[in-house]
Amino acid sequence: MSYANVGKIVDESQHIVVLQADNPDGDSVGSSLALEAILSEMGKQVTLVCAIDIPAHLKYLSGWDRIQRDVPNSFDATIIVDNSTEALFEIIEGRESFAWIKTKPVIVIDHHTTSNGLSFATESIVEPVVATSELLYKIASELEWPLPTDACDMMAVSIMSDSLGLTTDATTADSFRVMAKLVERGADIAKLDAARREMGKKEPELLPYKGELLRRVEFSVNGKLASITIPWKEIEKYSPIYNPTMLVIDDMRSTIGVVVAIGYKVYSDGKITAKIRCNYGTPVADALASHFGGGGHPYAAGFKILDGTPIVDIKRQVEEKLEELLA
613 MSYANVGKIV
623 DESQHIVVLQ
633 ADNPDGDSVG
643 SSLALEAILS
653 EMGKQVTLVC
663 AIDIPAHLKY
673 LSGWDRIQRD
683 VPNSFDATII
693 VDNSTEALFE
703 IIEGRESFAW
713 IKTKPVIVID
723 HHTTSNGLSF
733 ATESIVEPVV
743 ATSELLYKIA
753 SELEWPLPTD
763 ACDMMAVSIM
773 SDSLGLTTDA
783 TTADSFRVMA
793 KLVERGADIA
803 KLDAARREMG
813 KKEPELLPYK
823 GELLRRVEFS
833 VNGKLASITI
843 PWKEIEKYSP
853 IYNPTMLVID
863 DMRSTIGVVV
873 AIGYKVYSDG
883 KITAKIRCNY
893 GTPVADALAS
903 HFGGGGHPYA
913 AGFKILDGTP
923 IVDIKRQVEE
933 KLEELLA
């Protein structure tokens, strides 16, 4: 693990792909856009790649529409942000173009220290900070990379996203120091948050649907687990305008006695995904997710099941594992 080696690869590359996992979030998108701004300032050509469309709630970030869904035909190196787990490249790894990445230098910049790492990485910088962009700021500072205002904006978004507004217990004094330096360099947090709130406004049809979801919430593990299951027909109908799970997951974990909330999605091909959120004092999300081949943070994680196991069996296994973790 060497910042200097990262600097050397970047210096020797003219066209750099910045790749994020198949499950983009505020940290990965913010870090990608920040890197694009930094590298462009250095005179590099940058292609941003994510295998799926960027979620609607992140489209307040200027530049999201420059993120394309496939790897370009020609490039010199790849920087992977906010991911060091091969399972989270399921979609893009199935494309022929992904093999090109493994023939070039690959840099990983991530803060998920529980990952097993990427076998094809040339250089991995993985440190236990609150968000990928906190680590990116450290790297950029040490290597004396430029930090234009738009990069500072995106790094601030990244850190605020994964730290839930600098409130998680992974947030450290260094996280606040980095945020202060980003603001000194021009990051406008108030403006960014206003844009986020405007983009977060919901279509009127979502309000009655939210009521339907709340009526379907299930409680188990002695009332400590709240869960909701979203069938394919609802995913198909509502996901284009809002993630159904995110409509209710905060309400679920705000219920007295609940310490863990999970939203399951069941797709038409039998695939199941789970989004896990934990309340402060119960940092088990990453351990629960990793038991099912997923990963994430202690308070926010997820996993996917691809082998056709019925949702009723997955829910039972989750309850059993959660009881074990809580014990």
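Per our numbering, the sequence shown starts with residue 613, numbered consecutively. Glycine included, each C-beta is placed from N, C-alpha and C at the ideal position. Only a predicted model underlies this, so the values are computations on that prediction, with no experimental measurement involved.
From which residue to which residue does the beta strand (DSSP E) around residue i run?
i: threonine 841; result: 837–842
i: glutamate 810; result: Where glutamate 810 is concerned, there is no enclosing beta strand (DSSP E), although the alpha helix (DSSP H) it sits in stretches over 801–811.
i: tyrosine 876; result: 872–878
i: lysine 830; result: Sequence inspection shows glutamate at residue 830; the lysine mentioned does not correspond to that position. Taken as a continuous stretch (DSSP letters only), the beta strand (DSSP E) holding glutamate 830 covers 830–832.
i: serine 736; result: 735–738
Beta-carbon within less than 6 angstroms of residue i's beta-carbon, same chain only, minus the 5 sequence neighbours each way: which residues are those?
i: alanine 873; result: Ala838, Ile861, Met864, Arg865 and Arg889
i: tyrosine 672; result: Ala807, Arg808 and Met811
i: threonine 783; result: Val742 and Ser775
i: threonine 885; result: Lys877 and Lys916
i: valine 618; result: Ile719 and Glu735
i: aspartate 639; result: Asp694, Ala743, Thr744, Ser770, Ser773 and Asp774
i: glutamate 935; result: Val833
i: alanine 649; result: Pro760, Asp762 and Ala763
i: leucine 918; result: Lys883
i: glutamate 653; result: Pro758 and Pro760
i: lysine 656; result: Ile628
i: proline 684; result: Thr659
i: valine 790; result: Glu746 and Tyr749
i: threonine 894; result: Val871
Counting along the chain, where does the alpha helix (DSSP H) carrying residue i start and finish?
i: histidine 903; result: 897–903
i: aspartate 722; result: Premise fails: aspartate 722 lies in the beta strand (DSSP E), 718–722, not in any alpha helix (DSSP H).
i: phenylalanine 710; result: 710–713
i: lysine 814; result: No alpha helix (DSSP H) contains lysine 814, which DSSP labels as neither H nor E.
i: alanine 782; result: Run containing alanine 782: none; DSSP gives neither H nor E here.
i: arginine 865; result: 856–865
i: isoleucine 751; result: 744–754
i: serine 773; result: 761–774
i: leucine 937; result: 923–938
i: glycine 619; result: 615–623
i: isoleucine 853; result: Premise fails: isoleucine 853 is in no alpha helix (DSSP H) and is neither H nor E.
i: isoleucine 868; result: Here isoleucine 868 belongs to no alpha helix (DSSP H), and DSSP marks it neither H nor E.
Suppose the cutoff is 8 angstroms on Cβ atoms and the five residues either side in sequence are ignored; what does the same chain contact list for residue i look like?
i: aspartate 786; result: Val741 and Glu746
i: alanine 897; result: Val872, Ile888, Arg889, Cys890, Gly908, His909, Pro910, Tyr911, Ala912 and Ala913
i: lysine 716; result: Phe687, Asp688, Ala689 and Thr690
i: tryptophan 676; result: Val641, Leu645, Ile666 and Leu670
i: proline 852; result: Ala668
i: tyrosine 854; result: Ala668, His669, Lys814, Glu815 and Leu818
i: glycine 906; result: Ala699, Ala886, Ala913, Gly914, Phe915 and Lys916
i: leucine 937; result: Val896, Ala899 and Leu900
i: phenylalanine 710; result: Val683, Phe701 and Ile704
i: aspartate 722; result: Ile692, Val693, Asp694, Asn695, Ser696, Ser736, Ile737, Val738, Thr744 and Leu747
Going by DSSP, what residues sit across from residue i in a beta bridge?
i: lysine 887; result: Gly875 and Gly914
i: glycine 908; result: Ala913
Give me the Cβ distance between residue i and residue j, rounded to the nearest whole Å; I'm assuming they're in contact under 8 angstroms.
i: glutamine 632; j: serine 644; result: 5 angstroms
i: isoleucine 964; j: isoleucine 666; result: Missing from the structure shown is residue 964; the chain here goes from 613 to 939 and no further.
i: isoleucine 703; j: isoleucine 664; result: 6 angstroms
i: tyrosine 615; j: leucine 755; result: 6 angstroms
i: tyrosine 749; j: methionine 766; result: About 11 angstroms; that fails the 8 angstroms criterion.
i: leucine 730; j: serine 696; result: 5 angstroms
i: leucine 647; j: valine 630; result: 5 angstroms
i: valine 870; j: lysine 836; result: 6 angstroms
i: leucine 778; j: phenylalanine 788; result: 7 angstroms
So, at 7 angstroms on beta carbons, what are the nonlocal neighbours of residue i in its own chain, with the 5 sequence-adjacent residues on each side left out?
i: histidine 903; result: Lys933
i: isoleucine 923; result: Thr841, Tyr876, Val878 and Ile884
i: leucine 825; result: Ile840, Pro856, Leu859 and Val860
i: threonine 725; result: Val738 and Pro740
i: valine 795; result: Ile801
i: alanine 733; result: Val718 and Val720
i: glutamate 604; result: This structure gives no information on residue 604, because the portion of the chain shown stretches from 613 to 939.
i: threonine 867; result: Ala838
- request: Within the stretch 626–699, note down every full alpha helix (DSSP H) run reaching 4 residues or more, in order along the chain.
  value: 638–653
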